[in-house]
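> With the first letter of the sequence shown counted as 1, position 79 gets the number 78 in numbering that gives the first Met the number 0; the numbers rise by one all the way through.
Below is one structure. I have some questions about it.
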Amino acid sequence: MRNALWKLSAGAQAAAVRGGEISAVELVESHLERISEVNPRVNAVTQLLAERAREAAARTDRRRASGEELGPLAGVPFTVKESTAVEGVPTTFGAVRFRDLVASADAPPVARLRAAGAIPVGHSNMPTLILAGMHSRSELFGDTVNPWDPSRTPGGTSGGDGVAVATGMAALGLGNDSGGSVRIPASFCGVAGLKPTAGRFPADHRVFGPDDPGPASQILVTDGPLARRVADLRLAYEALAGTDPRDPRALPVPVHGDPLPGPIKVAVVTDPGGHGVHPTVREAVAHAADALRDAGYDVREVADVPRLDEALDAYGRITATEFAPAWPVVRTLLGEGGDRYIRMSMERTPPATAAEFMKLMGTWLGIRRSWAEFLDEYPLLLGPVFTEPPVEPGLESRDRAGHERVGTAMRLCTVSSFVGVPGVAVPTGVRDGLPSGVQIIGRAFREDLCLAAAQEVEDRLGVLTPVDPRSGVPFAAR
Numbered sequence: 000m001r002n003a004l005w006k007l008s009a010g011a012q013a014a015a016v017r018g019g020e021i022s023a024v025e026l027v028e029s030h031l032e033r034i035s036e037v038n039p040r041v042n043a044v045t046q047l048l049a050e051r052a053r054e055a056a057a058r059t060d061r062r063r064a065s066g067e068e069l070g071p072l073a074g075v076p077f078t079v080k081e082s083t084a085v086e087g088v089p090t091t092f093g094a095v096r097f098r099d100l101v102a103s104a105d106a107p108p109v110a111r112l113r114a115a116g117a118i119p120v121g122h123s124n125m126p127t128l129i130l131a132g133m134h135s136r137s138e139l140f141g142d143t144v145n146p147w148d149p150s151r152t153p154g155g156t157s158g159g160d161g162v163a164v165a166t167g168m169a170a171l172g173l174g175n176d177s178g179g180s181v182r183i184p185a186s187f188c189g190v191a192g193l194k195p196t197a198g199r200f201p202a203d204h205r206v207f208g209p210d211d212p213g214p215a216s217q218i219l220v221t222d223g224p225l226a227r228r229v230a231d232l233r234l235a236y237e238a239l240a241g242t243d244p245r246d247p248r249a250l251p252v253p254v255h256g257d258p259l260p261g262p263i264k265v266a267v268v269t270d271p272g273g274h275g276v277h278p279t280v281r282e283a284v285a286h287a288a289d290a291l292r293d294a295g296y297d298v299r300e301v302a303d304v305p306r307l308d309e310a311l312d313a314y315g316r317i318t319a320t321e322f323a324p325a326w327p328v329v330r331t332l333l334g335e336g337g338d339r340y341i342r343m344s345m346e347r348t349p350p351a352t353a354a355e356f357m358k359l360m361g362t363w364l365g366i367r368r369s370w371a372e373f374l375d376e377y378p379l380l381l382g383p384v385f386t387e388p389p390v391e392p393g394l395e396s397r398d399r400a401g402h403e404r405v406g407t408a409m410r411l412c413t414v415s416s417f418v419g420v421p422g423v424a425v426p427t428g429v430r431d432g433l434p435s436g437v438q439i440i441g442r443a444f445r446e447d448l449c450l451a452a453a454q455e456v457e458d459r460l461g462v463l464t465p466v467d468p469r470s471g472v473p474f475a476a477r
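What follows is the structure, given as structure tokens:
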């Protein structure tokens, strides 16, 4: 077992530490060795916390030796996105300007994973300020490489976590998602990812000071875990859920809801909005639908999801309006070319007037109501994460055509974030050398239903990772 501890699932790692089969120090060292071997080729881990991780592991081993009961994630190494605070470590957001912005305390999700016994081993890469695009390229740390194919993006904005988990450098990754930023890198890297219901996990999204953000940032952004197995996502989900006085949005909702009368109905929408879908993505959705049928779900093709195009427009206008006052300053922090993605977004979707914004807030509520009614009939929705296979790095920032193509492909992620419902990305196989996957979306606060269905898909279609990066993958910061 000791020769490849990093290959074990998070659940198996924690069980072995709790049972004394291995020490937490051995487990952390195994991952540090894996990082040393792999990270130079993929550039996913940005700030390695080796000595801190060793010290935390030694404390875990002392607690076990003294007879203390260890948590469900005892000794499990995890990475943390560069936008999420780890006490005593710079929260750089991938920007040169913030390379010395040392965090005074752990962000709530980091604190909760630590409380469950997990150990942060490093920060992970992302687009500069989460704003430079979908591809995980930062001004401070450069490009992260997809371990399946260096000519494809690992996705983002939590791409560093997706790659770290997929390659075995960490058992869990802690990212965040406001329109696909956990689910897309999970799908592009061949791992599983959870975007929870808005209000399920406590967080602190104050970015550069004491002021809280506006309504879009408060509601749309959710922290979420990535893992190689759905069962590990469940462990992380149970650890992350709960309340925290730092976040009055987080609600004390049970992590497992009442059982539904079976068979549970699953709506299948392969081409949301009718904007087109690649044959390999269509095939992935079909394979997942077959897996759920085999598991006893009542799987039904439906015409479409509610009000997709209207929701996409409202999402764009609300976020543009909220962001516009800060843009003249923020664009100067993005580094050379880092402003292209948001600049094209702002040109495409200008800010609303005050009267228009108030009307948009009503539209937002109405769309959430329409989705609640839809999910009342169909407790689960199966569809694509991204309607194309993984695309080339930086396509979304290259020109308007690339920007539009990426925005269209991630449309189901965008809309499900807008309505605040949970979604689990789960792999379905490998096609043309690249991983494929789907997402399972559910009713608000029914992550348990999404995870259970994703587990059935995984049981039938298999686990794809850990994967070794293709030999000779070069890394060159751009």
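C-beta atoms are modelled at their ideal positions from N, C-alpha and C, and glycine is treated no differently.
#1: So, with DSSP's three-state summary, where would you put V487?
#2: Taking 6 angstroms as the limit between beta carbons, can you name the residues of its chain near G393, skipping five residues before and five after?
#3: Return the CA-CA distance between H277 and V384, expressed in angstroms with no decimal places.
#4: May I have the straight-line CA-CA distance separating A475 from D99, to the nearest angstrom?
#5: Does the structure place the segment 111–127 close enough to the segment 153–170 that three or more beta carbon pairs sit under 8 angstroms?
#6: Figure out for me which residue from D308, G155, E403 and F140 has the closest Cα to the Cα of M343.
#7: What span of residues does the alpha helix (DSSP H) with G155 cover, start to end?
#8: Have a look at V85 and A43 and give me their C-alpha separation to the nearest angstrom.
#9: DSSP on V268, reduced to helix/strand/coil?
#10: Quick check on the burial criterion: 16 or more other C-beta atoms within 10 angstroms. Buried or exposed for D447?
#11: Using the rule of at least 16 other Cβ atoms within 10 Å of the residue's Cβ for burial, across every protein chain shown, is S82 buried or exposed?
#12: On the premise that A453 lies in contact with V229, defined as a C-beta separation below 8 angstroms, what is that separation, rounded to the nearest angstrom?
#13: Return the CA-CA distance between G422 and C449, expressed in angstroms with no decimal places.
#14: Ends of the alpha helix (DSSP H) at V280?
#15: Please go through the segment 209–278 and give each complete beta strand (DSSP E) segment of 3 or more residues, from N-terminal end onward.
#16: Identify, in the order they occur along the chain, each residue of the same chain with its Cβ nearer than 7 angstroms to the Cβ of R281, setting aside the five sequence neighbours on each side.
#17: Hey, could you find the ends of the beta strand (DSSP E) K194 is sitting in?
#18: With a threshold of 8 angstroms on Cβ separation, who are the neighbours of G256 within its own chain once the five nearest residues in sequence on each side are excluded?
#19: Taking a contact to mean a Cβ-Cβ separation below 8 angstroms, would you say A313 touches I366 in this structure?
#20: Quick one: any contact between the segment 319–332 and the segment 286–306, if contact means 3 or more CB pairs under 8 angstroms?
#21: The alpha helix (DSSP H) spanning V16 covers which residue range?
#22: DSSP state of I129, grouped into three classes?
For this structure:
#1: The chain is shown only over 0 to 477; residue 487 falls outside these bounds and no answer can be derived.
#2: H134
#3: 12 angstroms
#4: Summary for A475: the model assigns pLDDT 37, below 50, so the residue's position carries little reliability; its value from the coordinates is reported in the next sentence. Cα to Cα, A475 sits roughly 24 angstroms from D99.
#5: yes
#6: E403
#7: Where G155 is concerned, there is no enclosing alpha helix (DSSP H), given that its DSSP letter is neither H nor E.
#8: 17 angstroms
#9: coil
#10: buried
#11: buried
#12: 5 angstroms
#13: 7 angstroms
#14: P278 to D293
#15: 221–226 and 264–267
#16: T269
#17: A191 to K194
#18: F444, R445, D447 and L448
#19: yes
#20: no
#21: A9 to R17
#22: helix
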